[in-house]
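Beneath this line is the structure, given in structure tokens, with notes to follow.
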Amino acid sequence: MRYLTPILAALAVGIAAVPVPAQTAPSQPCPSTALKQSQSVVFGWQLAGSAANAQDLDQTCSHLQSSANQATTWSQLGLLTTTIQTPVCNALEPNAETALVKLSAANTKVFTTLLTSSFDQSNKSTFSYLCDNIRYVQLNGFLLDSATIVNATCQLGADSLHPQPFTTIGGATANQTAVEAYNDAQSKLFAYTYAASATSTDQLQTFCANSAQPVRQGRFDQLQLDASCVKSTICSVKSPLSVDDAKAQFTKWTSMGFLAVIQNLTNQPGYLKWLCHNLDVGGMDGVGLDGKLVKAQRTKNQVSTTYTR
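In case it helps, mature numbering (1 follows the signal peptide of the UniProt record, and there is no 0) puts the sequence shown at residues -22 to -1, 1 to 287.
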């Protein structure tokens, strides 16, 4: 987590201390559209940041451009090829540090959409509860911008943004077990999404060999992915994934990453019970999560939380 401070500082530039009142906020695209845009940005920066060299970037860019108008597995996952290719084709050299800042911002948008879609939108008290109880220090540990996320819940709860204190009561820090679970899910999500583009066993073998290259392993680590997990996951795919299999893996690991964070939003007594009662399976399903999986896993994986705002 050595990148945490500069990344969050970069994200903080231009963020106002008080949110725009809900009634004056501009209209937003539907959650699923916004989500796929953000997920495409995430994957694009992961590809750009993990490239071995400039030639690798050029080859990936050419592949993306040639398949832009084709019904690829990525497009059938709802990802936007033109959005994926932008960071890849615009980069002169792989730069994991720059990519990580962009990933943090895009992952924040992904989580914000998932979070705000996972509860009854008409129940303002639900979002007021989240506004009051989300712990900034916890979200920051996942390299997510806490101010953006808290602001979104406060807007939906029609509340003012609760100020972040200058000091943390009790000196609490983010739960590293939960952070590792999130990074594991992100690693598998990237690996399966990447592998899903393969159309032959030979191509999968090439992907496997490439993921084992020391330079790529180092870049995966710099992107806060688990390099060994990325490699083992890609290499475990022995034949091209069907669209249904790719969708199943995409949904599963998006859900597991979301779960790792949402279980650890606060140390408020009774939060996990409240969460189980208020999660909306239909809302989660509507943004590509497996709502039943999230609810079922929440009752099994109650990672202890000791956080303060």
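Each residue gets a CB set at the ideal place from its N, CA and C atoms; glycine is no exception. Computed from a predicted model, the values in this text were never measured in an experiment.
The region 166 to 175 and the region 230 to 246 touch, with three or more beta-carbon pairs separated by less than 8 angstroms. Per DSSP, residue 13 is one residue of the alpha helix (DSSP H) stretching across 9 to 28.
A straight-line Cα-Cα distance of about 12 angstroms links residue 108 and residue 136.
Cβ atoms of residue 213 and residue 162 stay farther apart than 8 angstroms, at about 16 angstroms. With contacts defined by Cβ atoms closer than 8 angstroms, residue 127 and residue 117 form a contacting pair. A contact is defined here as three or more CB-CB pairs under 8 angstroms, and the region 54 to 64 meets this definition with respect to the region 18 to 31. Within the same chain, 26, 27, 28, 29, 30, 31, 32, 34, 35 and 197 come within 8 angstroms of residue 72 by CB-CB distance, once the 5 residues on both sides are set aside. A Cβ-Cβ contact shorter than 8 angstroms links residue 265 with residue 10. Going by C-alpha positions, residue 185 is about 13 angstroms away from residue 195. Taking each of 217, 115, 180 and 82 in turn and checking the Cα distance to residue 244, the smallest one comes out for 115. A distance below 6 angstroms between beta-carbons, with the five flanking residues on each side excluded, links residue 16 to the following residues of its chain, in chain order: 84, 87 and 88. Residue 239 places its beta carbon 8 angstroms or farther from that of residue 105. Residue 218 is not a Cβ neighbour of residue 189, given a cutoff of 8 angstroms. Residue 129 carries a helical assignment under DSSP once its states are collapsed to helix, strand and coil. Pairing residue 69 with residue 202, the inter-Cα distance amounts to about 20 angstroms. For residue 246, the secondary structure class from DSSP, reduced to helix, strand or coil, is coil.
Listed in chain order, the alpha helix (DSSP H) runs fully inside the region 178 to 254 are 179 to 189, 192 to 200, 205 to 214 and 221 to 240, counting runs of at least 4 residues. For residue 263, the closest of 80, 77 and 92 by C-alpha to C-alpha distance is 92.
Per DSSP, reduced to three states, the secondary structure at residue 99 is coil, with no helix or strand assignment.
Going by DSSP, residue 50 is part of no alpha helix (DSSP H) at all; its letter is neither H nor E. Where residue 168 is concerned, the enclosing alpha helix (DSSP H) starts and stops at 154 to 173.
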